[in-house]
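First to last, the sequence lines map onto chains A and B. Here my numbering is used: position 36 in the first sequence is 93, and no number is missing along the way. Here my numbering is used: position 109 in the second sequence is 166, and no number is missing along the way. All remarks here apply to the structure that follows.
2 protein chains.
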Amino acid sequence: MFLGTYRHSVDTKGRLAIPARFREQLPSGSVIAKGAEGCLQIYPREEWGREQDSQRLSSLSPAEERRLARMMFGAARECEFDAQGRIVLSADHRSYAGITSVAWIVGVNNLIEIWNDEDWRRIGDATAEEYTRIQDQVAERRRAREH
Amino acid sequence: MFLGTYRHSVDTKGRLAIPARFREQLPSGSVIAKGAEGCLQIYPREEWGREQDSQRLSSLSPAEERRLARMMFGAARECEFDAQGRIVLSADHRSYAGITSVAWIVGVNNLIEIWNDEDWRRIGDATAEEYTRIQDQVAERRRAREH
DNA sequence: CACAAAGTGGGGAAAAGTGGGGAAAATGAC
DNA sequence: GTCATTTTCCCCACTTTTCCCCACTTTGTG
Numbered sequence: 058m059f060l061g062t063y064r065h066s067v068d069t070k071g072r073l074a075i076p077a078r079f080r081e082q083l084p085s086g087s088v089i090a091k092g093a094e095g096c097l098q099i100y101p102r103e104e105w106g107r108e109q110d111s112q113r114l115s116s117l118s119p120a121e122e123r124r125l126a127r128m129m130f131g132a133a134r135e136c137e138f139d140a141q142g143r144i145v146l147s148a149d150h151r152s153y154a155g156i157t158s159v160a161w162i163v164g165v166n167n168l169i170e171i172w173n174d175e176d177w178r179r180i181g182d183a184t185a186e187e188y189t190r191i192q193d194q195v196a197e198r199r200r201a202r203e204h
Numbered sequence: 058m059f060l061g062t063y064r065h066s067v068d069t070k071g072r073l074a075i076p077a078r079f080r081e082q083l084p085s086g087s088v089i090a091k092g093a094e095g096c097l098q099i100y101p102r103e104e105w106g107r108e109q110d111s112q113r114l115s116s117l118s119p120a121e122e123r124r125l126a127r128m129m130f131g132a133a134r135e136c137e138f139d140a141q142g143r144i145v146l147s148a149d150h151r152s153y154a155g156i157t158s159v160a161w162i163v164g165v166n167n168l169i170e171i172w173n174d175e176d177w178r179r180i181g182d183a184t185a186e187e188y189t190r191i192q193d194q195v196a197e198r199r200r201a202r203e204h
């Protein structure tokens with residue numbers, strides 16, 4: 058399980074240190090891909106496989122499925138760590154995610170997301186009011202289900 | 058079951074001792090998250106899973122679900138105790154909860170809440186009149202339901 | 001009162017994160 | 001094919017943060 062948000066710097070060579078807590082849970086063979094809302098996503102190997110499975114089962118037309126496969130696999134790379142625990146973000150990935158000198162690394166349960174500074178401040182900076190609202194919703198749903 | 062309220066100090070390193078009575082009931086794998094009304098919440102492992110289930114079963118759009126997951130998991134951390142039974146509150150968590158040098162640790166049935174000094178004095182100090190009013194309400198609802 | 005358990009505080013070793021130099025490899029030009 | 005340029009990657013050095021350990025105080029208990 059990946060939890061927490063970390064702000065790390067991206068140096069001029071495009072290197073980004075992955076938090077040690079995350080790295081421990083990332084066996085070799087993990088994949089970094091382009092994700093929704095303009096973020097990058099790191100999938101542990103088995104999660105990546107699971108993702109492909111659900112796409113196969115999603116009853117797309119063959120043409121759509123081919124297009125999806127090209128998009129997903131073509132834009133992804135294997136994660137390779139150097140001795141300091143950093144990965145190199147390709148120029149393509151950096152420009153896709155709008156990342157320059159700072160990146161936010163976010164644990165989202167079974168995968169990791171990487172955001173640029175501006176977008177994460179907008180998306181990730183939830184106030185106490187928002188958390189309150191979420192808990193209200195969850196509590197209501199649970200009550201509804203238990204009846 | 059977590060019961061009682063404790064006032065503990067938070068040192069300059071952000072460390073907070075969790076009451077021994079609570080610690081005994083917290084297996085490793087417990088999670089500390091941002092909670093409603095600006096408090097922090099510690100979920101024992103299985104409670105955390107239950108919370109996640111409630112959210113998964115909710116009928117949100119994929120985009121809303123992604124946002125919810127980012128907020129919940131990105132704002133949470135695993136609870137790690139040192140040899141003295143303390144956890145380190147991250148800078149983000151401290152600022153979210155407005156905690157500086159004092160924290161109130163409150164047992165709330167199946168989870169633990171952590172409050173800053175000022176907020177807890179305001180909301181935690183209920184008078185006899187308030188307890189009376191709440192018990193009245195509960196009793197009335199129960200009678201209504203049983204008829 | 002003596003003892004044990006719980007909470008508090010700080011020093012210092014170890015780990016994590018950051019930045020840059022330079023060799024090896026890849027790319028491209030002539 | 002050869003040379004020059006760029007890119008990649010390995011290594012080293014430095015700073016900051018984390019966390020482990022020890023010690024003291026306070027609280028509770030027999």
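Every residue gets a Cβ at the ideal spot worked out from N, C-alpha and C, and that includes glycine.
Taking the straight line between their C-alpha atoms, what separation do you get for residue i and residue j?
i: Glu122(B); j: Thr69(B); result: 37 Å
i: Arg151(A); j: Ala120(A); result: 29 Å
i: Gly92(A); j: Ala160(B); result: 39 Å
i: Phe130(B); j: Gln109(B); result: 10 Å
i: Leu114(A); j: His65(A); result: 37 Å
i: Tyr153(A); j: Asp174(A); result: 14 Å
i: Pro101(A); j: Arg107(A); result: 10 Å
i: Gln112(A); j: Gln192(B); result: 52 Å
i: Ser147(B); j: Arg198(A); result: 30 Å
i: Arg202(A); j: Asp149(B); result: 34 Å
i: Gly181(B); j: Glu187(B); result: 11 Å
i: Ala183(A); j: Met128(A); result: 31 Å
i: Leu83(B); j: Arg124(A); result: 48 Å
i: Thr189(A); j: Asp176(B); result: 15 Å
i: Ala196(B); j: Arg178(B); result: 27 Å
i: Met58(A); j: His204(B); result: 47 Å
Residues in its own chain within less than 8 Å of residue i by CB, not counting five upstream and five downstream?
i: Gly142(B); result: Ala74, Ile75, Ala77 and Arg80
In terms of DSSP beta bridges, what is residue i paired with?
i: His65(B); result: Ala160(B)
i: Glu135(B); result: Val88(B)
i: Gln98(A); result: Ala90(A) and Glu170(A)
i: Ile144(B); result: Leu73(B)
i: Val165(B); result: Leu168(B)
i: Phe79(A); result: Paired residues: none, contrary to the question.
Which residue wins for smallest C-alpha separation from residue i, given the options the options?
i: Cys96(B); options: Ile191(B), Val195(B) and Ala132(B); result: Ala132(B)
i: Leu117(B); options: Gly106(A), Gln194(A), Phe138(A) and Ile171(A); result: Gln194(A)
i: Ile156(A); options: Asn166(A), Val145(A), Val165(A) and Gly164(A); result: Val145(A)
i: Val88(A); options: Glu94(A), Trp105(A), Arg72(A) and Gln82(A); result: Trp105(A)
i: Ala140(B); options: Met58(B), Arg72(B) and Val67(B); result: Arg72(B)
i: Ser85(B); options: Glu103(B), Ser147(B) and Gln192(B); result: Glu103(B)
i: Val211(B); options: Ile99(B), Glu94(B), Ala196(B) and Val67(B); result: In this structure chain B extends from 58 to 204, so residue 211(B) is not present and cannot be described.
i: Ala126(A); options: Ala90(A), Ala148(A) and Asp149(A); result: Ala90(A)
Please report the Cβ distance between residue i and residue j, rounded to the nearest whole angstrom; I am assuming they are in contact, meaning their Cβ atoms lie under 8 Å.
i: Leu168(A); j: Glu135(B); result: With 8 Å as the limit, Leu168(A) and Glu135(B) do not qualify as a contact, their Cβ atoms being about 17 Å apart.
i: Tyr63(A); j: Ile171(A); result: That belief does not hold up - the Cβ atoms of Tyr63(A) and Ile171(A) are roughly 10 Å apart, past 8 Å.
i: Glu137(B); j: Ala185(A); result: The Cβ separation is near 24 Å, so there is no contact.
Could you name the residues of the same chain whose beta carbon sits closer than 7 Å to that of residue i, not counting the 5 residues immediately before and after it, in chain order?
i: Ser206(B); result: Nothing about residue 206(B) can be read from this structure; chain B reaches only from 58 to 204.
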